[in-house]
Amino acid sequence: MKRLLPWIALVAFASVPLWLKDPYLLNAFVTTGIFIIAAMSLNLLLGYTGQLSLGHVAFFGIGAYTSALTALGFDIELIGGIRIVHEPWPVWLGFIIAILFTGLCGYVVGKLSFRVRGAYFVIVTISFAEVVRLVALNWVELTQGPLALTSIPPLTLGLPGLGYFDFFSKQSNYYLVLGVVVISYIIISRLVNSRIGRAMVALKENESLAVSVGIDVTRYLVLAAVVSAGIAGAAGSLYAHYLKIIDPDVFLFLYTVTMVIMVITGGKGTLAGPLVGGLIFGFIPVVARSFAAPEIQWILYGLFMILIVFVLPQGIVPAIEKWFGVDETKESVGAPKAKTQDVP
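By our numbering, the letter at position 35 of the sequence shown is numbered 26, and the numbering carries on one by one without gaps.
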């Protein structure tokens, strides 16, 4: 039955635009789906390697700006009078470049920051996000600063023999985001269920023991950072081309907090955790807006989060698995600790 649940959920969500005609609710599904992708990428670090990155929004924002600037083009002057002129490229190419560039950023940040642990790692990630935000705010010639990048074109997909299809409507963007959610889920699932995933979990559970059996700490942590950053960059690209306008507020710390809440309440270290947590906390403001003032909405948001943390400290998904008697030693990705020695 557990194997069928993802397929049932996929069919159910694929049918949403067929019966949901309210553009406001459909917009909520799209934006929530984008942040679920970002939360899934954070879960790879937080849930499977135990590394809390409070600057994860930097990769989200870098992906948004990279994809937008690739599609819009730019003309900037560097030191010494050197000018760089970039003509607009196809939007789908900007999406791919955003993933590759944020993955490269993840590699660089991982190489530098994984030399430290605990609170020091958190400080490094927060500092990185703040530096990137300041660059986006002050490099006006490239990013337009607080004036924002506008007129960002929608994502376009070229189909052989059928021409080009623009993801302009909410319905088309919904299916686009759903497709990226599915692809991200498959990538993360394949990764964490492999020998590499067992190595990551071993590092989270007992780093000293993992090192003693030959696991290269830096190698696996950097790999997790690269994949996580790439997926977060994909989410940022979707965000930019859906809203068609971005400014330095895309780097707000609030977005990182939102991702962390989705991961923790849903169940960190589980594949379905960010999906469940994302749907719940993505739609709480939508539901509360129908009967509560803005101040009350945030109070309800906070109270509900505290309630889940106290009642279900392991998260919603682990609690459901426990209630239905799922054997976590067999079903959980992080369970096969005895296989740690198989990892080179």
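Every residue gets a Cβ at the ideal spot worked out from N, C-alpha and C, and that includes glycine.
Query: Whole-Å CB distance - I67 paired with A226, under 8 Å assumed; Result: Rounded, the Cβ-Cβ distance is 26 Å, inconsistent with contact.
Query: I237 beta carbon less than 8 Å from that of A310; Result: no
Query: First and last residue of the uninterrupted beta strand (DSSP E) at F65; Result: F65 to E68
Query: Option in A19, N34 and Y15 with minimal Cα separation from V421; Result: What the structure shows of the chain is the stretch from -8 to 335, and residue 421 is not part of that stretch, so it cannot be assessed.
Query: Whole-angstrom distance between I255 and F301, CA atom to CA atom; Result: 12 Å
Query: A201 classed as buried or exposed, judged by whether at least 16 other C-beta atoms fall within 10 angstroms; Result: buried
Query: Buried versus exposed, by CB contacts within 10 Å (16 or more), L266; Result: buried
Query: Start and end residues, alpha helix (DSSP H) containing R189; Result: R186 to E196
Query: Sufficient close CB pairs (3 or more, under 8 Å) joining the stretch 46 to 66 to the stretch 210 to 224; Result: yes
Query: For K12 and R124, the rounded distance between their alpha carbons; Result: 37 Å
Query: Status (buried if at least 16 other CB within 10 Å, exposed otherwise) for G71; Result: exposed
Query: R210 - containing alpha helix (DSSP H), residue span; Result: V208 to L234
Query: Assumed close pair V82, P144 - CB separation to whole angstroms, cut-off 8 Å; Result: 5 Å
Query: 8 Å contact criterion, which L133 and F242 should meet: CB distance rounded; Result: Not really, about 15 Å apart at Cβ, beyond 8 Å.
Query: Test: Q305 CB closer than 8 Å to a CB of chain B; Result: Absent here is chain B; the protein component of the structure consists of one chain.
Query: Residues near Y39 in its chain [Cβ-Cβ closer than 8 Å; skip 5 each side]; Result: V183, G188, M191, V192, K195, A215, G260, V324 and G325
Query: Among T116, Y166, A110 and L16, nearest to G273 - alpha-carbon criterion; Result: L16
Query: V7 versus L91 - alpha carbon distance; Result: 31 Å
Query: Three-state class that DSSP yields for Y39 in the structure shown; Result: coil
Query: Burial state of A0 (16 or more Cβ within 10 Å); Result: exposed
Query: Beta strand (DSSP E) segment containing R74, residue limits; Result: R74 to H77
Query: Alpha carbon of P335 to alpha carbon of R280, nearest angstrom; Result: With a pLDDT of 45 at P335, under the threshold of 50, the modelled position of this residue cannot be trusted; read the value that follows with caution. So the alpha carbons of these two residues sit roughly 52 Å apart.
Query: Within 8 Å, strictly: CB atoms of T61 and G85; Result: yes
Query: Residue nearest to G306 in terms of C-alpha spacing, selected from P276, G269, L9 and T57; Result: G269
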